[in-house]
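Engineer:
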Ligand code: NAD
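In our numbering, the protein residues as written are 471 to 929.
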């Protein structure tokens with residue numbers, strides 16, 4: 471099938487490359503000429519494992535094309551995906567649909583045959599109706615069906631998620647559109663991916679509800695982590711035990727610095743706006759959003775406690791992206807933490823395996839270093855902020871030698887506390903229980919696991 475993808479960002483590029491891999495002929499459109507020029511040469515503008523190779527294969531097979539003109543891509547397409555951004559508006563929590571509306575207008579002008587316009591961008595309930603009205607107003611003659619087809623890929627595992635989705639949601643009341651979408655996804659449904667066909671508004675709400683539930687789960691396990699610390703439990707064991715219940719599941723039960731990224735914060739805010747407008751309060755989600763905001767704001771106090779104050783201290787941030795295996799810094803904890811540390815009088819050094827280019831732009835005043843050991847040189851405290859696997863494999867003895875005072879704050883519970891303490895570090899994880907022998911070591915040497923509780927005097 472011939473496919474057009476409008477918006478070649480994380481979702482559009484992965485979607486386009488995967489559909490080309492499945493045998494479709496895909497034309498990706500973007501307004502960013504530099505991005506398109508790089509893509510035509512097979513250079514990915516973003517880091518996503520496996521994506522480079524897939525884009526190269528698509529180009530070589532002549533099934534993946536990159537253009538700047540929506541009309542060129544839409545004219546021959548059976549399905550046009552809208553994958554443009556839907557950021558939060560500058561004021562308030564509402565989704566900014568400007569890019570979606572522009573894309574809809576451009577698509578309308580180019581329609582020539584029966585075309586399914588599938589909205590993959592995450593959009594508030596009712597946006598499909600608006601897109602359809604917009605297109606019909608401009609092109610009353612057009613034979614078009616607007617469907618909702620929300621995307622569930624996760625950055626870091628996006629290529630795998632796209633090739634083996636746990637579900638495909640299609641929202642439409644149009645029988646022809648349903649058939650086209652079933653044909654499009656046949657390579658995936660034939661290997662077991664469930665296809666759920668529903669009405670457009672329900673499909674739009676599936677996406678927001680899924681992201682809201684995940685945000686709630688993360689915010690909740692973070693609070694349980696603080697409680698674990700206060701009562702002498704280990705949150706890692708608690709999460710493991712809880713996640714074995716099939717009604718709950720193990721996903722999104724990792725305690726951390728608070729959720730970030732391009733989706734959970736903005737989608738939670740947008741869903742709360744929708745609920746307020748509809749007069750149907752989402753109190754649990756509102757509480758999770760507040761808890762997450764407080765958590766991020768409280769990180770600087772946690773770190774100050776572990777460092778015994780921040781004035782004239784050097785703090786190293788290991789990891790700047792919002793999660794591992796991506797170069798995306800949108801709503802990352804580093805964006806609030808680094809400026810807060812600088813403001814509190816600390817010098818901040820940092821290293822991230824993939825996010826340095828963007829971080830240099832977004833975090834002025836932070837000294838970017840070439841590797842984790844260089845980043846920790848002369849430092850008083852190292853903070854693991856992103857769960858990059860290479861930080862779990864750090865040579866702690868070597869790391870210790872580079873630091874002025876060997877202290878670790880592990881906001882991802884990535885490093886084994888016992889190894890850290892045996893390597894001579896004081897260690898503060900999240901919601902970790904201190905085993906008896908480490909408690910003893912701490913009493914004898916003054917080093918060990920430092921409580922991270924949000925209350926109490928600095929340790
Ligand atoms: P992004 O910002 O990475 O990409 C959007 C792209 O659209 C940009 O490259 C931009 O230049 C382009 N664009 C904007 N207007 C355009 C136009 N009129 N014509 C052509 N191109 C245009 O955004 P993203 O992360 O890919 O997210 C896209 C949508 O998918 C959002 O609604 C997001 O919430 C949703 N989503 C994102 C993820 C994720 O993990 N990033 C996962 C699921 C859903």
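Virtual Cβ for every residue (Gly too), placed ideally from N, Cα, C.
Between the C-alpha atoms of residue 924 and residue 482, what's the straight-line distance to the nearest angstrom?
Structural biologist: Residue placement at residue 924 cannot be trusted, given a pLDDT of 39 that sits under 50; the coordinates are not used to answer.
Engineer: With a 10 Å radius around its C-beta and 16 neighbouring C-beta atoms as the bar for buried, classify residue 475 as buried or exposed.
Structural biologist: buried
Engineer: Can you find the residues in the same chain that come closer than 8 Å, C-beta to C-beta, to residue 573, ignoring five residues on each side of it along the sequence?
Structural biologist: 476, 477, 540, 552 and 554
Engineer: Under a Cβ-count criterion, where at least 16 other Cβ atoms within 10 Å of its own Cβ denotes burial, should residue 706 be classed as buried or exposed?
Structural biologist: buried
Engineer: Are the CB atoms of residue 790 and residue 768 nearer to each other than 7 Å?
Structural biologist: no
Engineer: Mapping the DSSP letters down to three states, classify residue 478 as helix, strand or coil.
Structural biologist: coil
Engineer: Could you work out which residue in 896, 813 and 610 is closest to residue 770 when comparing CA atoms only?
Structural biologist: 813
Engineer: What would DSSP say about residue 881, mapped onto helix, strand or coil?
Structural biologist: coil
Engineer: At which residues does the beta strand (DSSP E) containing residue 536 begin and terminate?
Structural biologist: 534-537
Engineer: Classify residue 800 as buried or exposed, calling it buried when 16 or more other Cβ atoms lie within 10 Å of its own Cβ.
Structural biologist: Answer is buried; the Cβ neighbour count reaches 16.
Engineer: Going by beta carbon distance, what residues of the same chain come within less than 6 Å of residue 846, once the five residues before and after it are set aside?
Structural biologist: 786, 852, 869, 872 and 873
Engineer: May I have the straight-line CA-CA distance separating residue 568 from residue 597, to the nearest angstrom?
Structural biologist: 12 Å
Engineer: Alpha carbon to alpha carbon, what distance is there between residue 493 and residue 471?
Structural biologist: Distance between the alpha carbons of residue 471 and residue 493: 8 Å.
Engineer: In chain order, what residues of the same chain have a beta carbon less than 6 Å from the beta carbon of residue 763, not counting five sequence neighbours either side?
Structural biologist: none
Engineer: Ordered along the chain, which non-local residues of its own chain (more than five positions away) have a Cβ less than 6 Å from that of residue 479?
Structural biologist: None.
Engineer: Secondary structure at residue 678, three-state DSSP: helix, strand or coil?
Structural biologist: helix
Engineer: Mark residue 692 as exposed unless 16 or more other C-beta atoms lie within 10 angstroms of its C-beta, in which case mark it buried.
Structural biologist: buried
Engineer: State yes or no: is the C-beta of residue 740 nearer than 6 Å to some heavy atom of ligand 1?
Structural biologist: no
Engineer: Counting only runs that start and end within the stretch 492-560, where is the beta strand (DSSP E) found for 3 or more residues in a row?
Structural biologist: 495-499, 534-537 and 549-552
Engineer: Residue 632: beta carbon under 6 Å from a heavy atom of ligand 1?
Structural biologist: no
Engineer: Within 8 Å, do at least three Cβ pairs link the stretch 808-822 to the stretch 881-897?
Structural biologist: Note that the stretch 881-897 does not touch the stretch 808-822; fewer than 3 beta-carbon pairs, one per stretch, sit closer than 8 Å.
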